[in-house]
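Asks: Input: one structure, supplied below.
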Amino acid sequence: MNPHFLNKRLIHLLGYAGLIPFVLLTLACWLVNADWLRDFIRGQLAYGIAALSFLGGIHWGAVVLRADLSADHTKKALVWGVAPTSIAWFSTMAGGFGFALLIAGFIAAYQADKRLFPWYGLPTWFIELRFRLTCVAVAALMLTVIAGNVRG
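Residue numbers for the sequence shown follow the numbering used here, so the first one is 402 and each next one is one higher.
Shown next as structure tokens:
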């Protein structure tokens, strides 16, 4: 890992900042006038799609930077690298199951990252951060679905 690139504090700050839309949209789904609920639910789905799509990129970057990966590891990392984007895209066409697909995608992305990150030599705190970010994102998506069912 490039020590000049790695700024643990900045990575944490940006990671947690990325949760702000998840949290604010979830709160809005519970607190705003019910007439606006549908818009905030759509906004949450759109943000979840964008966030999940982002998660595969690190695998492609790691493959480019790590010349010592085996051919098998390289292939698995590249294939997985496009999976979150594909899952996110499918969630746009899943109708009432879009949120369920996104939630499953975030959980699958974390599970894959937990297995693949050691191949790249990433520090353990990074996967711990990914776990916390995933928990908040999944909880926000679930609470949005509940708000839609309770208030919608």
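The beta carbon of each residue, even a glycine, is placed where N, CA and C say it ideally should be.
With C-beta atoms as the reference, is Y521 less than 7 Å away from A463?
Replies: yes
Asks: Give the list of continuous alpha helix (DSSP H) stretches no shorter than 4 residues that lie fully inside the region 485-546.
Replies: 499-521
Asks: Does the Cβ-Cβ distance between I450 and A489 come in under 7 Å?
Replies: Yes. Within cutoff.
Asks: Just to confirm my understanding: we take P485, look at its own chain, exclude 5 residues before and 5 after, and list those with CB closer than 7 Å. What are they?
Replies: L453, S454, L456, G457, G506 and A510
Asks: Verify whether the separation of the beta carbon atoms of A478 and L517 is less than 7 Å.
Replies: yes
Asks: With C-beta atoms as the reference, is F441 less than 7 Å away from L425?
Replies: no
Asks: Since M366 and I508 should fall inside the 8 Å C-beta cutoff, what is the C-beta to C-beta distance between them, to a whole number of angstroms?
Replies: Residue 366 falls outside the range modelled here, since the chain spans only 402 to 553, and no answer is possible.
Asks: Please go through the same chain and pick out, in chain order, the residues whose beta-carbon is closer than 7 Å to the beta-carbon of H413, but skip the five residues on each side of it.
Replies: Same-chain partners within the cutoff: L530.
Asks: For A495 versus F423, is the C-beta distance shorter than 7 Å?
Replies: no
Asks: Have a look at G553 and L446 and give me their C-alpha separation to the nearest angstrom.
Replies: 16 Å
Asks: Could you tell me how far apart the beta carbons of L411 and L534 are, in whole angstroms, since I believe they sit closer than 8 Å?
Replies: In fact, because the Cβ distance is near 15 Å, the residues do not count as touching under 8 Å.
Asks: Can you tell me which of the three DSSP states R410 falls into?
Replies: Residue state, collapsed to three classes: helix.
Asks: Whole angstroms is fine: what's the gap from G499's alpha carbon to G444's?
Replies: Approximately 13 Å between the Cα atoms of the pair.
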